[in-house]
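So the protein lines, in turn, are chains C and V.
With our numbering as the guide, the letters of the first sequence map in order to residues 1 to 182.
With our numbering as the guide, the letters of the second sequence map in order to residues 1001 to 1187.
Take a look at the structure below.
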Amino acid sequence: MIYIELFISFFLIGITSFGGMSMIPLIHEQMLSHGWMTAQEVADIVAIAEMTPGPLGLNCATFAGTTAGGALGAFAATFGVLVPTLTITIAAAVFLKKFKESTIMGHALHGIRPVCIGMIGAIVVQQAMINYSGSLLFGISWQAILIGLVSLYLLLKRHFSIPMTILTAAALGLIFCSVAPV
Amino acid sequence: MKEKKEGRVLDILLTFLRFGCFTFGGGWSIVAQIQKEYVEKKHWITDEELLDFTSVGRSLPGLMIGNTSVLFGYQSAGIPGALAALFGVILPPVLIMVAVTFLYGLVKDNVFVARAMIGVRAAVVPIIISALVKLFKAGMKDIFCYIVALCAMVLCLSGSISNVLIVLIGAAAGVIYMEVRSRHDLH
Chain C
1 MIYIELFISF
11 FLIGITSFGG
21 MSMIPLIHEQ
31 MLSHGWMTAQ
41 EVADIVAIAE
51 MTPGPLGLNC
61 ATFAGTTAGG
71 ALGAFAATFG
81 VLVPTLTITI
91 AAAVFLKKFK
101 ESTIMGHALH
111 GIRPVCIGMI
121 GAIVVQQAMI
131 NYSGSLLFGI
141 SWQAILIGLV
151 SLYLLLKRHF
161 SIPMTILTAA
171 ALGLIFCSVA
181 PV
Chain V
1001 MKEKKEGRVL
1011 DILLTFLRFG
1021 CFTFGGGWSI
1031 VAQIQKEYVE
1041 KKHWITDEEL
1051 LDFTSVGRSL
1061 PGLMIGNTSV
1071 LFGYQSAGIP
1081 GALAALFGVI
1091 LPPVLIMVAV
1101 TFLYGLVKDN
1111 VFVARAMIGV
1121 RAAVVPIIIS
1131 ALVKLFKAGM
1141 KDIFCYIVAL
1151 CAMVLCLSGS
1161 ISNVLIVLIG
1171 AAAGVIYMEV
1181 RSRHDLH
């Protein structure tokens, strides 16, 4: 049964990975061993995941599920990758709400919140290194830097919504990169 | 009260359907979107709670964006809220992905798509920074927090230990620090 195979495969991917690019090696192995995707297709899917909203794991599940088993296949794979969220995370949510008032939890959160700030800081550095690189000018893309600065101004000073900021940035990308090569 | 909660579930579903359309950059913009909509505008949760959801969501297995949405949804409207948030946030990417799967050949090497994507990707960092600016005060209460945040950032960037471990170390450090401080205050 292709649907059960897809479900199990993506359940394994979901339960053993902790978001983002850490999923790639496992996805690679599972897709190739089942013959659902070629190595080229896995590389392509990473590129597509970058250009569509949504996390990589979900995008891979949809792509592999659709190509291997149509709409039902996509459903089986997507459901598989979401199992940890539907079980472990819901349990954690119940736990978090129940013990939020306790002293020890309050103390733990005093340490967890700055960890989160640090994590977000790390993501900013990692994403900046990927998104602002280009082939000219010491490996920096001036178009991307300029769009980044404009977006930051719009978000913080003009109180633009996030969808509006993304649409504006896409339009600026079209304009700037048509004027000069990247 | 019950009516209010049902209204909330519908609100979450519709709002997260919109969030789902704009979760570029590994899903981190979900944090900025929840901050803008539910902390600033609707006051359902505080900045502190959003930080809790983000760090817990990031350190559990599965999709960070789904986990964070579920934690928020449960806190706001119980299990129905959690399911509404999850369904809302994943449906748009799934539908877009199905479309892209069929149009892949057209989209893949299209120069206009590539140019627009340079712009979209350039907006990811400012979006995350805008969330960071607002959450900063809520997470940073004293000098201890600055040290922990700096350590966490370095550990994350080094990529040598998993996020779960970093969060657990942070939790332990918080418990020990507060315990030591409260004893110190007694004397």
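Cβ coordinates follow ideal geometry from the N, Cα and C atoms, glycine included.
Check the Cβ-Cβ distances between residue i and every residue of chain C, and say whether any is below 9 Å.
i	result
residue 1011 of chain V	no
residue 1017 of chain V	no
residue 1056 of chain V	yes
residue 1006 of chain V	no
residue 1185 of chain V	no
residue 1001 of chain V	Note on residue 1001 of chain V: pLDDT 43, under 50, position unreliable in the model; the coordinate value appears next. No - not a single Cβ of chain C is within 9 Å of the one on residue 1001 of chain V.
residue 1119 of chain V	yes
residue 1093 of chain V	yes
residue 1028 of chain V	yes
residue 1174 of chain V	yes
residue 1135 of chain V	yes
residue 1060 of chain V	yes
residue 1080 of chain V	no
residue 1139 of chain V	yes
residue 1201 of chain V	The structure shown has nothing for residue 1201 of chain V, since chain V only spans 1001 to 1187.
residue 1106 of chain V	no
residue 1171 of chain V	yes
residue 1014 of chain V	no
residue 1046 of chain V	no
Going by the beta-carbon positions, is the gap between residue i and residue j smaller than 9 Å?
i	j	result
residue 161 of chain C	residue 1115 of chain V	no
residue 1173 of chain V	residue 1144 of chain V	yes
residue 1097 of chain V	residue 176 of chain C	no
residue 66 of chain C	residue 1101 of chain V	yes
residue 1164 of chain V	residue 114 of chain C	no
residue 1061 of chain V	residue 88 of chain C	yes
residue 132 of chain C	residue 144 of chain C	yes
residue 1086 of chain V	residue 1078 of chain V	no
residue 1041 of chain V	residue 47 of chain C	no
residue 1064 of chain V	residue 25 of chain C	no
residue 155 of chain C	residue 165 of chain C	yes
residue 1019 of chain V	residue 1034 of chain V	yes
residue 1130 of chain V	residue 152 of chain C	yes
residue 1120 of chain V	residue 128 of chain C	no
With 9 Å set as the bound, which would you pick, yes or no: does the beta-carbon of residue i sit closer than that to a beta-carbon of chain V?
i	result
residue 170 of chain C	yes
residue 46 of chain C	no
residue 38 of chain C	no
residue 110 of chain C	yes
residue 132 of chain C	yes
residue 1 of chain C	no
residue 117 of chain C	yes
residue 9 of chain C	no
residue 113 of chain C	yes
residue 17 of chain C	yes
residue 139 of chain C	no
residue 55 of chain C	yes
residue 99 of chain C	no
If I measure Cβ to Cβ from residue i and keep anything under 8 Å in the same chain, skipping five residues before and after, which residues do I get?
i	result
residue 52 of chain C	59
residue 78 of chain C	10, 58, 61, 62, 65
residue 99 of chain C	105
residue 39 of chain C	28, 32
residue 139 of chain C	133
Below 6 Å CB to CB, which residues in the same chain sit around residue i once its five sequence neighbours on both sides are set aside?
i	result
residue 172 of chain C	147
residue 1013 of chain V	1084, 1088
residue 1122 of chain V	none
residue 42 of chain C	28, 31
residue 119 of chain C	none
residue 45 of chain C	60, 63
residue 1009 of chain V	1077, 1080, 1081, 1084
Heavy atom of the ligand MN less than 8 Å from the Cβ of residue i, yes or no?
i	result
residue 45 of chain C	Summarising the ligand content, the structure contains no ligands, and the ligand MN is consequently not present.
Assuming residue i and residue j form a contact by the criterion Cβ under 8 Å, report the distance between their Cβ atoms to the nearest whole angstrom.
i	j	result
residue 1059 of chain V	residue 1167 of chain V	4 Å
residue 1179 of chain V	residue 107 of chain C	7 Å
residue 1032 of chain V	residue 1090 of chain V	Wrong, their Cβ atoms sit about 18 Å apart, outside the cutoff.
residue 1135 of chain V	residue 1050 of chain V	7 Å
Below 7 Å CB to CB, which residues in the same chain sit around residue i once its five sequence neighbours on both sides are set aside?
i	result
residue 1161 of chain V	1155
residue 1037 of chain V	1015
residue 84 of chain C	14, 15
residue 170 of chain C	none
residue 68 of chain C	2, 6, 36
residue 1017 of chain V	1088, 1091, 1092
residue 141 of chain C	132, 133, 134, 182
Nearest chain B C-beta to residue i closer than 9 Å, yes or no?
i	result
residue 43 of chain C	Reference to chain B is not applicable here, since the protein chains of this structure are C and V.
key: Entirely enclosed alpha helix (DSSP H) segments - the segment 95-140 of chain C, minimum 4 residues   = For the segment 95-140 of chain C, whole alpha helix (DSSP H) runs of length 4 or above, ordered along the chain, are 103-131.
key: Continuous alpha helix (DSSP H) assignments of at least 4 residues falling wholly in the segment 57-101 of chain C   = Entirely contained in the segment 57-101 of chain C, the alpha helix (DSSP H) runs reaching 4 residues are, in chain order, 90-99.
query = Can you give, in chain order, each stretch of the beta strand (DSSP E) that sits fully within the segment 1039-1078 of chain V and has at least 3 residues?
reply = As far as the segment 1039-1078 of chain V is concerned, it has no whole beta strand (DSSP E) run of at least 3 residues.
query = What are the complete beta strand (DSSP E) segments, minimum 3 residues, inside the segment 1099-1139 of chain V?
reply = Those beta strand (DSSP E) runs which fall completely within the segment 1099-1139 of chain V and span 3+ residues do not exist here.
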